[in-house]
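Structure first, then comments.
Number of protein chains: 2
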Amino acid sequence: MKADFSRLMAKRGLDAFIVGGGEHANSARYYLTNGAHVTGGYVVQARDGEPLVVVNGMEIEEARKSGHRCLTYGDLGYGELYREHGAQQASVLMYGRLLEQVGLASGRVGLYGVDDINATIERVQRLRAHYAQYEFVGEDSPTLFDEAQRTKDAAELARIRSVAERTNAVVTQVWDFISSHRSDVSGRVVDAAGQPLTVGAVKRFARRALLDVVLEDTGMIFAPGRDGAFPHSRGDDPTELLMGVPIVFDFSPRELGGGYYHDMTRTWCIGHVPPHVQALYDDVMTAFDLALETYALGKPTHTLQEAVLDFFEAQGHPTARTHPNTMEGYVHSLGHGIGLNIHEAPSMHHLKREDVFEAGNVVTIEPGLYYPDRAVGVRVEDSFIVAEDGQLISITPFKKDLLLPLSGSA
Amino acid sequence: MKADFSRLMAKRGLDAFIVGGGEHANSARYYLTNGAHVTGGYVVQARDGEPLVVVNGMEIEEARKSGHRCLTYGDLGYGELYREHGAQQASVLMYGRLLEQVGLASGRVGLYGVDDINATIERVQRLRAHYAQYEFVGEDSPTLFDEAQRTKDAAELARIRSVAERTNAVVTQVWDFISSHRSDVSGRVVDAAGQPLTVGAVKRFARRALLDVVLEDTGMIFAPGRDGAFPHSRGDDPTELLMGVPIVFDFSPRELGGGYYHDMTRTWCIGHVPPHVQALYDDVMTAFDLALETYALGKPTHTLQEAVLDFFEAQGHPTARTHPNTMEGYVHSLGHGIGLNIHEAPSMHHLKREDVFEAGNVVTIEPGLYYPDRAVGVRVEDSFIVAEDGQLISITPFKKDLLLPLSGSA
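Written out as structure tokens, the structure is:
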């Protein structure tokens with residue numbers, strides 16, 4: 011959490027960091043500015059210091075919503091630098107002024123945020139050529155921000171719980187919406203007028219329901235049949251829903267305009283459940299329960315993945331451990347951290363073995379089985395908070411029924 | 011446009027490029043994959059060659075929607091590399107395999123896309139240390155992609171026109187929604203039940219209307235009074251709308267799930283227009299018309315900005331040219347290119363003087379005047395296509411009325 015920055019910076023020998031880049035998908039910027047909507051600029055912070063936000067003058071009022079000290083490019087003389095030195099050198103000279111503002115005359119400076127790869131390469135070359143007194147460094151994962159964001163403080167957990175509650179309410183509405191349909195003679199799911207229900211219509215319904223609770227969709231998967239057998243296939247809008255065809259519904263809304271995510275998956279069969287789908291589903295649910303039984307505070311996270319791998323392999327499923335490039339069976343990791351990023355620390359992958367469960371983690375558990383040749387995928391996912399007392403608390407209460415019966419009430 | 015890649019790569023001495031990074035805000039990836047929803051991986055292309063898309067096996071079906079040749083990490087042996095060499099070195103070795111796949115044994119390789127700044131720094135160091143046969147380079151703006159995307163082909167223009175039509179239809183709905191209200195004795199805008207209309211309610215209405223036409227909001231500005239006097243202040247949800255207070259409504263939706271943008275701004279006064287607002291509005295509209303008169307195919311883009319600067323300065327307004335760090339008067343540039351990015355080439359800034367108007371450009375024209383101390387901002391913005399015959403064609407037909415009268419019909 012943010013309170014860890016001084017310690018985590020000391021561990022890395024960092025005297026300061028500068029977060030740059032744009033607004034979108036830039037969780038380091040969001041984290042530091044408390045979600046202020048600034049489209050560019052910098053956040054600079056010295057070890058043991060507070061963040062300083064520097065933005066285009068047009069965005070100063072939004073920047074102030076961060077609660078931090080804010081300055082404009084103009085306050086740092088950017089306009090004059092630009093006219094005298096051109097865009098590239100002006101940008102280099104700004105870094106020195108940023109660091110002076112937080113009292114750093116020399117030292118090691120970590121560069122973070124999200125930006126164009128090509129621009130980062132050029133900028134770092136210029137910074138290193140210009141400044142003898144500063145060492146500008148990058149960092150591999152797990153980074154300063156990976157480690158800070160891996161545990162959430164009370165304010166973050168309150169927001170995460172709220173997103174979870176609203177997401178579960180929307181899933182209830184989606185279930186009821188589908189359930190209100192009926193089937194026709196050819197096994198299609200249709201409305202009262204006989205019009206087929208499509209993937210696109212379900213997604214549209216879900217997106218509207220999200221807006222009503224001030225959330226937004228970020229790449230919802232609603233994937234029937236063979237599409238659901240590829241874990242990241244999102245489903246095609248024109249696809250009509252059919253009775254007895256399993257649908258993977260992986261739903262990861264976040265706060266409207268950017269912010270904290272929830273992540274959950276259900277697999278639904280409308281009307282009836284074919285036996286081969288039920289068999290896969292039972293294996294997935296056994297794996298799910300096994301993961302929860304294996305969990306303990308302080309335990310390496312990959313032990314849960316390994317318990318699930320052992321089980322699936324014993325059941326005869328190919329896995330990413332027995333068949334590294336497999337597209338069948340259990341092809342992904344058991345779960346991941348979630349917060350301002352849909353995927354963040356801790357990892358549960360069996361090949362990434364650094365993480366242990368800590369209080370303040372928020373993680374998903376999401377075993378799945380995929381057989382493209384049989385046009386079936388099954389995945390079930392909840393999100394969990396690791397509480398202060400070590401309990402793993404689900405924040406995804408929605409029922410895990412595989413069978414979604416039709417009421418034809420609509 | 012994409013047809014220019016060979017020429018633009020030759021001009022830069024690039025034998026290939028590799029686009030990496032994530033899905034969000036990564037317009038280079040979107041551009042090359044035709045909007046396929048892949049969350050990571052690479053697109054690699056040799057000069058005079060076709061794109062190759064390489065993704066996690068889970069995303070192969072989505073990747074294929076690009077219409078290009080697609081491979082999985084597994085196809086390139088990533089799993090084995092990971093186990094043998096660890097994550098960092100495996101990633102380095104993958105770059106060599108990507109380049110082999112497009113037939114490049116040695117040469118100069120541009121790196122593009124959007125990624126974590128810290129990760130880019132580390133990755134480039136490792137690539138340069140490992141490969142003697144390849145030179146990995148970044149690039150400052152205007153980049154290969156800036157130049158390619160600066161002109162749109164027919165398929166892109168068709169999508170851009172469609173986004174424009176749908177956006178204008180939504181603005182009509184927003185106007186009608188506000189207009190259906192009435193005023194109360196204290197000058198608030200209220201519904202039939204006397205409940206005040208807020209910024210949040212208008213934004214909610216607009217976001218729902220966007221979903222209905224398969225668009226999504228990306229940082230809408232609906233900023234009354236002093237908020238509107240800061241060009242990028244977005245407006246606060248609880249703010250109640252008041253009669254006669256100018257509102258800056260800057261609306262930049264894009265295709266749902268990522269894609270092409272439209273960008274337009276209107277300034278509205280509900281019920282009546284105070285004379286000082288009308289005076290600023292008249293200056294802004296004169297500047298708008300002046301920009302259109304100044305336009306010609308092949309002309310440097312900054313000449314429009316300079317015509318507007320000359321006019322505003324003659325009217326006594328401070329500008330970013332006379333007062334470089336001003337927060338009052340005309341504080342920004344006249345316009346910008348728009349496409350898969352909300353801001354892209356060509357620029358119209360008076361300090362960026364490289365661009366000329368070319369057929370296939372899509373640009374905004376958006377003069378504005380801002381006086382925070384008087385709590386008033388005025389901006390009017392349309393988007394335009396530069397047609398084959400050189401005509402500058404507005405794709406933002408919505409009326410430019412300043413006065414939004416209330417009908418009280420709701």
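So the protein sequences, as listed, match chains V and E. Residue numbering for the first sequence follows our numbering, starting at 11 and increasing by one per position. Residue numbering for the second sequence follows our numbering, starting at 11 and increasing by one per position. Think of the CB as a built atom: it goes at the ideal place given N, C-alpha and C, for glycine as much as any other residue.
- Task: Assign D85(E) to one of three DSSP states: helix, strand, or coil.
- Result: Mapped onto the second sequence, residue 85(E) falls at position 75. Helix, per DSSP.
- Message: If distances are taken between C-alpha atoms only, which option among E60(V), W278(V) and K410(V) comes closest to F27(V)?
- Response: For the purposes of this step, residue 27(V) is taken as residue 17 along the first sequence, with counting starting at 1. Closest in alpha carbon position to F27(V), among E60(V), W278(V) and K410(V), is E60(V).
*Is V341(V) closer than 8 Å to A369(V) when the C-beta atoms are compared?*
Reading the first sequence from its first residue, position 359 is the one you call residue 369(V). Reading the first sequence from its first residue, position 331 is the one you call residue 341(V). For the pair A369(V) and V341(V), the CB atoms are not nearer than the 8 Å cut-off.
Exercise. Quick one: Cα of G84(E) to Cα of A211(E), how far?
Worked result: Your numbering for residue 84(E) matches position 74 in the second sequence. Your numbering for residue 211(E) matches position 201 in the second sequence. Linking G84(E) to A211(E) through their CA atoms gives a straight-line distance of about 49 Å.
Review point. Bridge partners of T313(V), per DSSP?
Key: For the purposes of this step, residue 313(V) is taken as the residue at position 303 of the first sequence. In the DSSP assignment, no residue is bridged to T313(V).
Checklist line | chain E residues whose Cβ lies nearer than 7 Å to that of S243(V) | finding: Position 233 of the first sequence holds residue 243(V). Those are E71 and E72, listed as they occur along chain E.
- Message: Just verifying my parser: in three-state terms, what is the DSSP assignment at Y305(V)?
- Response: On the first sequence, residue 305(V) is found 295 positions in, with the first residue counted as 1. It is coil, neither helix nor strand.
Checklist entry - H327(V) CB to nearest chain E CB: under 8 Å? => result Mapped onto the first sequence, residue 327(V) falls at position 317. No, H327(V) lies away from the interface with chain E (no Cβ there is under 8 Å from its Cβ).
Going by CA-CA distance only, name the one from P310(E), V184(E), S262(E) and D320(E) that's closest to G296(E).
Your numbering for residue 296(E) matches position 286 in the second sequence. It should be pointed out that residue 296(E) corresponds to Thr in this sequence rather than to Gly. For T296(E), the nearest C-alpha among the options comes from D320(E).
Quiz prompt | Whether A38(V) touches V29(V) by CB criterion (8 Å) | solution = Along the first sequence, read from residue 1 onward, the residue named residue 38(V) stands at position 28. Along the first sequence, read from residue 1 onward, the residue named residue 29(V) stands at position 19. Yes.
contact_flag[the segment 246 to 264 of chain E, the segment 207 to 227 of chain E] where n(CB pairs < 8 Å) is 3 or more: Flag = yes, the segment 246 to 264 of chain E and the segment 207 to 227 of chain E touch.
- Message: Using a Cβ-based criterion (distance less than 7 Å to any ligand heavy atom), does D150(V) qualify as near the ligand MN?
- Response: For the structure depicted, the ligand MN is absent and the ligand set is empty, with no information on it obtainable.
Self-check item: Where M337(E) meets chain V, residues with beta-carbon distance less than 7 Å
Solution: The sequence position of residue 337(E) within the second sequence is 327, counting from 1. In chain order: G67.
| task | Note the first and the last residue of the continuous beta strand (DSSP E) segment covering L221(E). | result | The count along the second sequence starts at 1 and reaches residue 221(E) at position 211. In the DSSP assignment, L221(E) falls outside any beta strand (DSSP E) and within the unbroken alpha helix (DSSP H) covering V209 to D222.
Alpha carbon to alpha carbon, how far is V255(V) from E265(E)? Give it in angstroms, no decimals.
-> For the purposes of this step, residue 265(E) is taken as residue 255 along the second sequence, with counting starting at 1. For the purposes of this step, residue 255(V) is taken as residue 245 along the first sequence, with counting starting at 1. Approximately 30 Å, taken between the alpha carbons.
*Measure from the alpha carbon of L361(E) to the alpha carbon of each residue in D273(E), T332(E) and L412(E), then state which is nearest.*
Here residue 361(E) is taken as the residue at index 351 of the second sequence, counted from 1. Minimum Cα-Cα distance from L361(E) among the listed residues D273(E), T332(E) and L412(E) corresponds to T332(E).
Euclidean distance between Cα positions of W278(V) and P152(V):
What you label residue 278(V) is simply residue 268 of the first sequence in a count that begins at 1. What you label residue 152(V) is simply residue 142 of the first sequence in a count that begins at 1. Straight through space, the alpha carbons of P152(V) and W278(V) are spaced by roughly 36 Å.
- Based on the DSSP secondary-structure assignment, which residues constitute the bridge partners of S393(E)? Locating residue 393(E) in the second sequence gives position 383, where the first residue counts as 1. T374(E).
Q. What's the call for D299(V), buried or exposed, on a 16-neighbour Cβ count within 10 Å?
A. Position 289 of the first sequence, counted from the first residue, corresponds to residue 299(V). With fewer than 16 other Cβ atoms within 10 Å, it is exposed.
Worksheet item: Considering only residues of the same chain and omitting the five flanking positions on each side of Y88(E), which have a CB-CB separation below 7 Å?
Response: Counting from one through the second sequence, the residue named residue 88(E) turns up at place 78. For Y88(E), the CB contacts under 7 Å within the same chain, skipping 5 residues up- and downstream, are A100 and M104 in chain order.
_Residue range of the unbroken beta strand (DSSP E) whose run includes E354(V)_ = Translated into the one-based positions of the first sequence, residue 354(V) becomes position 344. It spans E354 to S357 - the beta strand (DSSP E) in which E354(V) sits, taken as one unbroken run.
Does any CB atom of chain E fall closer than 8 Å to the CB of P334(V)? Translated into positions along the first sequence, residue 334(V) becomes position 324. Yes, contact with chain E.
7 Å Cβ cut-off: residues of chain E touching F187(V): Here residue 187(V) is taken as the residue at index 177 of the first sequence, counted from 1. Correct list: empty, because the minimum Cβ distance to chain E is about 15 Å.
| message | When you compare the segment 222 to 238 of chain E with the segment 192 to 199 of chain E, are there three or more beta-carbon pairs, one atom per stretch, that lie closer than 8 Å? | response | Counting Cβ pairs under 8 Å, fewer than three are found: no touch.
Residues within the segment 44 to 57 of chain E neighbouring chain V, beta-carbon criterion of under 9 Å:
So the close ones are H47, V48 and T49.
- Could you tell me whether the segment 63 to 83 of chain E touches the segment 43 to 50 of chain E, using the rule of 3 or more Cβ pairs below 8 Å? Contact holds: three or more Cβ-Cβ distances are below 8 Å.
Neighbourhood of R176(V) by C-beta, 7 Å cutoff - its chain only, sequence neighbours within 5 removed:
The residue labelled residue 176(V) in the question sits at position 166 within the first sequence. Spatial neighbours of R176(V) in its own chain (CB-CB distance under 7 Å, excluding positions within 5 residues in sequence) are listed in chain order as V223 and L225.
- Query: What residues of chain V sit near Q99(E), judged by a beta carbon separation below 8 Å?
  - Reply: Locating residue 99(E) in the second sequence gives position 89, counting from the first residue. Neighbours of Q99(E) across chain V, judged by C-beta separation under 8 Å, do not exist; the nearest C-beta is about 11 Å away.
Distance between F394(E) and E132(E) (C-alpha atoms, nearest Å):
Within the second sequence, residue 132(E) is the residue found at index 122, counting from 1. Within the second sequence, residue 394(E) is the residue found at index 384, counting from 1. Roughly 41 Å between the two C-alpha positions.
Q.
Within a Cβ cutoff of 6 Å, which residues of the same chain sit near V54(V), ignoring the five residues on either side of it in sequence?
A. In the first sequence, counting from the first residue as 1, residue 54(V) sits at position 44. Hits under 6 Å: I28, L62, L108 and V112.
Legend entry - Under the three-state DSSP convention, the category E69(V) falls into: Position 59 of the first sequence, counted from the first residue, corresponds to residue 69(V). Three-state result, E69(V): helix.
- Going by beta carbon distance, what residues of the same chain come within less than 7 Å of A56(E), once the five residues before and after it are set aside? One-based indexing of the second sequence puts residue 56(E) at position 46. Cβ within range, chain order: D25, A26, V112, G113 and L114.
Sequence ranges, beta strand (DSSP E) only - wholly within the segment 236 to 294 of chain E, length at least 3: The segment 236 to 294 of chain E contains these whole beta strand (DSSP E) runs: 256 to 261 and 274 to 280.
- Task: Out of E316(E), G347(E), G378(E) and T329(E), point me to the one whose CA is closest to A289(E)'s CA.
- Result: Taking the first residue of the second sequence as 1, we reach residue 289(E) at position 279. The option with the nearest alpha carbon to A289(E) is G378(E).
Exercise. Could you name each continuous beta strand (DSSP E) segment of 3 residues or more that falls completely within the segment 108 to 155 of chain E, going from the start of the chain to the end?
Key: Taking 3 residues as the minimum length, the beta strand (DSSP E) runs contained wholly in the segment 108 to 155 of chain E are 117 to 126 and 144 to 147, in order along the chain.
Requested in this report: In the DSSP assignment, find the alpha helix (DSSP H) that holds S172(V) and state where it starts and stops.
Outcome: Numbered from 1 along the first sequence, position 162 holds the residue referred to as residue 172(V). Note, S172(V): alpha helix (DSSP H), A164 to S189.
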